[in-house]
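Protein chains: 2
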Amino acid sequence: MPASERYPEPAISVDVVIFTICEGALQLLLAKRQRPPHQGKWALPGGIVDLREDLDTSALRHLREQTSLTGVYLEQLYTFGNPSRDPRMRVVSIAYYALTPAARLSAQINLEHNRLRWFTFTTRPNLAFDHDAIVDVARQRLAAKLAYSTIAMQFLPERFTLPDLQNVYEIILGRAFDKRNFRKHVLALDQIEETGEERRLGNHRPARLYRMKRPGQVEVIK
Amino acid sequence: MPASERYPEPAISVDVVIFTICEGALQLLLAKRQRPPHQGKWALPGGIVDLREDLDTSALRHLREQTSLTGVYLEQLYTFGNPSRDPRMRVVSIAYYALTPAARLSAQINLEHNRLRWFTFTTRPNLAFDHDAIVDVARQRLAAKLAYSTIAMQFLPERFTLPDLQNVYEIILGRAFDKRNFRKHVLALDQIEETGEERRLGNHRPARLYRMKRPGQVEVIK
DNA sequence: GCAAAAGTGTTCCAGATACACCCATGT
DNA sequence: ACATGGGTGTATCTGGAACACTTTTGC
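Chain order of the listed sequences is A and X.
Numbered according to this note's numbering, the first sequence spans residues 3 to 224.
Numbered according to this note's numbering, the second sequence spans residues 3 to 224.
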């Protein structure tokens, strides 16, 4: 017996808040809507979940299809189901958020036909549907997770410097940290190690490069 | 255009993990399945979301209809969407968890026709569908929230003693706390106040009764 | 030599931990 | 009087916060 004969069914979609840190700001990747409703407005990448597709898989697929991004950190955020959140029909959306290093952007995304654009979190336009609320929840979750996980390193390339990492914290949490205390803290977590290499960049002392001891894994700390 | 003409639609359900603390143990309320699949197995209360019904509202409605419980603390937990989690059809389930004081149980729930029963968390049977996984995630979330919120008080009646509260923590986290340190800690949070009353119970010194300063609100602390 | 960012240690404070005895009650 | 659980204070430890100067490089 097919579903449609049993219950009136809402549609199921996934929406993905894609964060990166670039040019000293938290940025998110948005897609301009090509059709009504909200035609011309910016919205989160995402779409309908296939009937035989896992939710995480669907989020990754829409991410790949619409932005060419792969290999990002992805986590389920919250499910938004207000009956009037989409004017056409009932759509329940499982929201995800994804983090990616800034380095990947130019390589993987061609920002095809200006349908895709990065916006800084603070200067983004008003979004379609309830996507403003989704983005706000995502940022709150991200900020909370910085305190008790190694999630911040998902914004950085494989090798990074301690000032890089400190920047991630300062941008997302919106306040400055003491350099010495910060270094002491993250090194005490025993999650990163020196590579032995340095990065020379500009008229100043080179910075040591570090790497995660367990690359790709987001660990709960403390 | 109705949904069924556009996409093959998964069904949407809510499932609710209902926790209480009773007789020194964390307990959860389960319903015996009356029909296939998994007929005769125990499962979480829940059901299909109405087409024009908010998700939270749906969870509260199924809770009320199936268990008579109202006024509980309710929070969205996670969304489970494995395509084969229900053998009949694709069902995406938004899982919730609810907390209620033990005192309400006898009053509100008649455990109608033995279809409903409380089980201790540790001795519960294997559940229908993927409900074992849902219950595990709920317990993890609950334990994590004890550390940084006032959620524990949702297990207690309006007026409660400090040993009551300490019991909640010890049962959920599975370890003992020092009585003096515990009292110092929770009083320093400035979330509860003395009522001036005492509870005499048994052959020993009466315990002071406290109440939440903002009843019903779960506050993030520290 | 100078500008610019990287790197480094110590002191202080607050919150967490460890720990043992007296109190009020009912029987 | 005694059994039962409720209530109290201090010393110590540990992790976080505050704080300023030296190092290395490119120009």
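For glycine and all other residues, C-beta sits at the position ideal for the given N, C-alpha and C.
None of the values given here were measured: they were computed from a predicted structure.
Per-residue contacts from residue i into chain A (C-beta, under 8 Å)
{"i": "residue 78 (chain X)", "result": "80 and 81"}
Residue-chain proximity (residue i, chain X), Cβ-Cβ < 7 Å
{"i": "residue 57 (chain A)", "result": "yes"}
{"i": "residue 109 (chain A)", "result": "Note that residue 109 (chain A) has pLDDT 45, beneath the 50 cutoff, so the model's placement of it is unreliable and the number below is only indicative. No, residue 109 (chain A) lies away from the interface with chain X (no Cβ there is under 7 Å from its Cβ)."}
Three-state secondary structure assigned by DSSP to residue i
{"i": "residue 223 (chain A)", "result": "coil"}
{"i": "residue 178 (chain A)", "result": "coil"}
{"i": "residue 70 (chain A)", "result": "coil"}
{"i": "residue 214 (chain A)", "result": "strand"}
{"i": "residue 102 (chain A)", "result": "coil"}
{"i": "residue 119 (chain A)", "result": "strand"}
{"i": "residue 92 (chain A)", "result": "coil"}
{"i": "residue 161 (chain A)", "result": "strand"}
{"i": "residue 170 (chain X)", "result": "helix"}
{"i": "residue 156 (chain X)", "result": "helix"}
{"i": "residue 15 (chain A)", "result": "strand"}
{"i": "residue 186 (chain A)", "result": "helix"}
{"i": "residue 147 (chain X)", "result": "helix"}
{"i": "residue 125 (chain X)", "result": "coil"}
{"i": "residue 46 (chain A)", "result": "coil"}
{"i": "residue 63 (chain X)", "result": "helix"}
{"i": "residue 135 (chain X)", "result": "helix"}
{"i": "residue 54 (chain A)", "result": "coil"}
{"i": "residue 142 (chain A)", "result": "helix"}
{"i": "residue 33 (chain X)", "result": "strand"}
{"i": "residue 203 (chain A)", "result": "coil"}
{"i": "residue 209 (chain A)", "result": "strand"}
{"i": "residue 198 (chain A)", "result": "strand"}
{"i": "residue 76 (chain X)", "result": "strand"}
{"i": "residue 130 (chain X)", "result": "coil"}
{"i": "residue 28 (chain X)", "result": "strand"}
Min CB distance residue i to chain A below 7 Å
{"i": "residue 84 (chain X)", "result": "yes"}
{"i": "residue 217 (chain X)", "result": "no"}
{"i": "residue 220 (chain X)", "result": "no"}
{"i": "residue 18 (chain X)", "result": "no"}
Candidates the options, of which the one nearest residue i by Cα
{"i": "residue 65 (chain X)", "options": "X:140, X:102 and X:204", "result": "X:102"}
{"i": "residue 34 (chain X)", "options": "X:43, X:26 and X:12", "result": "X:43"}
{"i": "residue 224 (chain A)", "options": "A:193, A:70 and A:206", "result": "A:193"}
{"i": "residue 210 (chain X)", "options": "X:218, X:124, X:185 and X:46", "result": "X:185"}
{"i": "residue 14 (chain A)", "options": "A:207, A:72, A:95 and A:69", "result": "A:95"}
{"i": "residue 77 (chain X)", "options": "X:141, X:172 and X:171", "result": "X:141"}
{"i": "residue 30 (chain X)", "options": "X:62, X:137, X:57 and X:216", "result": "X:137"}
{"i": "residue 39 (chain X)", "options": "X:213, X:182, X:183 and X:132", "result": "X:132"}
{"i": "residue 99 (chain A)", "options": "A:134, A:143 and A:70", "result": "A:143"}
{"i": "residue 90 (chain A)", "options": "A:80, A:180, A:12 and A:169", "result": "A:12"}
{"i": "residue 124 (chain X)", "options": "X:56, X:215 and X:173", "result": "X:173"}
{"i": "residue 32 (chain A)", "options": "A:196, A:195, A:191 and A:71", "result": "A:71"}
{"i": "residue 73 (chain A)", "options": "A:82, A:79 and A:63", "result": "A:63"}
{"i": "residue 85 (chain A)", "options": "X:57, X:139, X:219 and X:129", "result": "X:57"}
{"i": "residue 187 (chain A)", "options": "A:28, A:97, A:148 and A:37", "result": "A:148"}
{"i": "residue 166 (chain X)", "options": "X:177, X:212, X:146 and X:207", "result": "X:212"}
{"i": "residue 181 (chain X)", "options": "X:87, X:168 and X:16", "result": "X:168"}
{"i": "residue 36 (chain A)", "options": "A:82, A:81, A:116 and A:219", "result": "A:116"}
{"i": "residue 128 (chain X)", "options": "X:171, X:46 and X:17", "result": "X:46"}
{"i": "residue 195 (chain X)", "options": "X:214, X:178 and X:175", "result": "X:214"}
{"i": "residue 270 (chain A)", "options": "A:83, A:75 and A:27", "result": "This structure gives no information on residue 270 (chain A), because the portion of chain A shown stretches from 3 to 224."}
{"i": "residue 156 (chain X)", "options": "X:87, X:206 and X:217", "result": "X:217"}
{"i": "residue 18 (chain X)", "options": "X:80, X:145 and X:171", "result": "X:80"}
{"i": "residue 61 (chain X)", "options": "X:28, X:97, X:54 and X:178", "result": "X:97"}
{"i": "residue 171 (chain X)", "options": "X:145, X:135 and X:88", "result": "X:145"}
Chain-ordered neighbours of residue i on chain X, where CB pairs are closer than 9 Å
{"i": "residue 96 (chain A)", "result": "81, 83, 94 and 96"}
Take every Cβ of the region 146-157 of chain A, pair it with every Cβ of the region 42-60 of chain A, and state whether three or more of those distances are shorter than 8 Å.
Counting Cβ pairs under 8 Å, fewer than three are found: no touch.
Check whether the region 15-30 of chain A touches the region 114-126 of chain A, taking contact to mean three or more Cβ pairs, one atom from each stretch, closer than 8 Å.
Because the criterion of three Cβ pairs below 8 Å is met, the region 15-30 of chain A and the region 114-126 of chain A touch.
Meets three-Cβ-pair contact criterion under 8 Å: the region 158-178 of chain X and the region 193-211 of chain X
Touching, per the Cβ criterion.
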